[in-house]
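Report on one structure; see the data block that follows.
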Amino acid sequence: MFGVPIGNTNLVYEGVGTIRAGIDLKQLKVVKLDNTQHFIHVSLPSPYINEVDLNVNRSSILANYRNWFGDKVDQIYTTKLRRRQA
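For the sequence shown, the working numbering begins at 927 and goes up steadily by one.
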(Lines of atoms letter the chains of each structure in order from A and count residues from 1; the text may use other names and numbers.)
(Lines give C-alpha, C1' and ligand atoms only; values in the text may rest on other atoms or scores of the structure.)
Protein backbone atom coordinates (compact mmCIF):
# COMPACT_ATOMS: atom_id res chain seq x y z
CA MET A 1 0.00 0.00 0.00
CA PHE A 2 1.61 3.30 -1.15
CA GLY A 3 4.86 1.40 -1.74
CA VAL A 4 5.00 0.19 1.85
CA PRO A 5 4.67 -3.58 2.38
CA ILE A 6 1.83 -4.44 4.76
CA GLY A 7 2.22 -8.16 5.20
CA ASN A 8 4.27 -10.97 3.79
CA THR A 9 4.00 -14.34 2.12
CA ASN A 10 6.14 -17.37 2.94
CA LEU A 11 6.14 -20.22 0.48
CA VAL A 12 7.80 -23.63 0.74
CA TYR A 13 8.25 -25.10 -2.73
CA GLU A 14 9.59 -28.56 -3.53
CA GLY A 15 11.36 -28.54 -6.86
CA VAL A 16 11.80 -31.99 -8.40
CA GLY A 17 14.24 -32.37 -11.22
CA THR A 18 17.68 -33.39 -12.37
CA ILE A 19 21.05 -31.67 -12.09
CA ARG A 20 23.89 -33.02 -14.20
CA ALA A 21 27.46 -32.19 -13.20
CA GLY A 22 30.79 -33.15 -14.68
CA ILE A 23 34.52 -32.60 -14.61
CA ASP A 24 36.95 -31.68 -17.36
CA LEU A 25 39.26 -34.69 -17.66
CA LYS A 26 41.76 -32.53 -19.55
CA GLN A 27 42.43 -30.77 -16.23
CA LEU A 28 43.23 -34.05 -14.43
CA LYS A 29 46.66 -33.82 -12.76
CA VAL A 30 48.95 -36.66 -11.75
CA VAL A 31 50.26 -35.74 -8.31
CA LYS A 32 52.39 -38.83 -7.68
CA LEU A 33 53.27 -41.88 -9.76
CA ASP A 34 55.09 -44.89 -8.28
CA ASN A 35 55.68 -47.71 -10.76
CA THR A 36 57.31 -50.01 -8.21
CA GLN A 37 54.35 -49.87 -5.80
CA HIS A 38 51.81 -49.69 -8.66
CA PHE A 39 50.45 -46.51 -7.13
CA ILE A 40 49.07 -43.37 -8.77
CA HIS A 41 47.69 -40.29 -7.04
CA VAL A 42 45.60 -37.95 -9.20
CA SER A 43 43.98 -34.59 -8.49
CA LEU A 44 40.53 -34.04 -9.96
CA PRO A 45 39.37 -30.59 -11.07
CA SER A 46 36.36 -28.96 -9.45
CA PRO A 47 33.02 -30.18 -10.82
CA TYR A 48 30.74 -27.88 -12.77
CA ILE A 49 27.01 -27.96 -13.46
CA ASN A 50 26.20 -29.07 -17.00
CA GLU A 51 22.42 -28.94 -16.98
CA VAL A 52 19.51 -28.18 -14.66
CA ASP A 53 16.10 -29.59 -15.55
CA LEU A 54 13.13 -28.74 -13.31
CA ASN A 55 10.13 -31.06 -13.68
CA VAL A 56 7.27 -28.62 -13.06
CA ASN A 57 4.66 -31.40 -13.20
CA ARG A 58 6.26 -33.26 -10.27
CA SER A 59 7.15 -30.14 -8.27
CA SER A 60 4.66 -28.67 -5.82
CA ILE A 61 3.90 -26.13 -3.11
CA LEU A 62 4.33 -27.76 0.32
CA ALA A 63 3.29 -24.87 2.55
CA ASN A 64 1.83 -21.41 2.11
CA TYR A 65 1.62 -18.75 4.82
CA ARG A 66 0.11 -15.39 3.91
CA ASN A 67 -0.14 -12.55 6.43
CA TRP A 68 -2.25 -9.45 5.94
CA PHE A 69 -1.88 -8.16 2.39
CA GLY A 70 1.07 -10.27 1.29
CA ASP A 71 1.39 -11.42 -2.30
CA LYS A 72 -0.87 -14.25 -3.34
CA VAL A 73 0.89 -17.56 -3.88
CA ASP A 74 -0.58 -17.92 -7.37
CA GLN A 75 1.10 -14.66 -8.37
CA ILE A 76 4.45 -15.68 -6.87
CA TYR A 77 4.32 -19.15 -8.41
CA THR A 78 3.37 -17.86 -11.86
CA THR A 79 6.08 -15.18 -11.78
CA LYS A 80 8.81 -17.63 -10.72
CA LEU A 81 7.68 -20.21 -13.27
CA ARG A 82 7.79 -17.63 -16.08
CA ARG A 83 11.29 -16.57 -15.03
CA ARG A 84 12.44 -20.20 -15.03
CA GLN A 85 11.03 -20.85 -18.50
CA ALA A 86 12.54 -17.66 -19.99
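Backbone N, C-alpha and C define an ideal beta-carbon position, used for all residues, glycine too.
Separation of V978 and Y939 (C-alpha to C-alpha, rounded to the nearest whole angstrom) is 17 Å. Sequence-distant partners of Q953 (beyond 5 residues in either direction) whose C-beta falls short of 7 Å from its own C-beta, in its chain, are P971.
Per DSSP, the unbroken beta strand (DSSP E) holding G948 starts and ends at 943–948.
Collapsing the DSSP output to three states places L980 in a strand. For R1010 against L980, the beta-carbon gap comes to about 6 Å, under 8 Å, which counts as contact.
If you check the CB distance, A947 and I987 do not come in under 8 Å. If you look at L959, you'll find it in the beta strand (DSSP E) that goes 955–960. For S969, the enclosing beta strand (DSSP E) has its first and last residue at 965–969.
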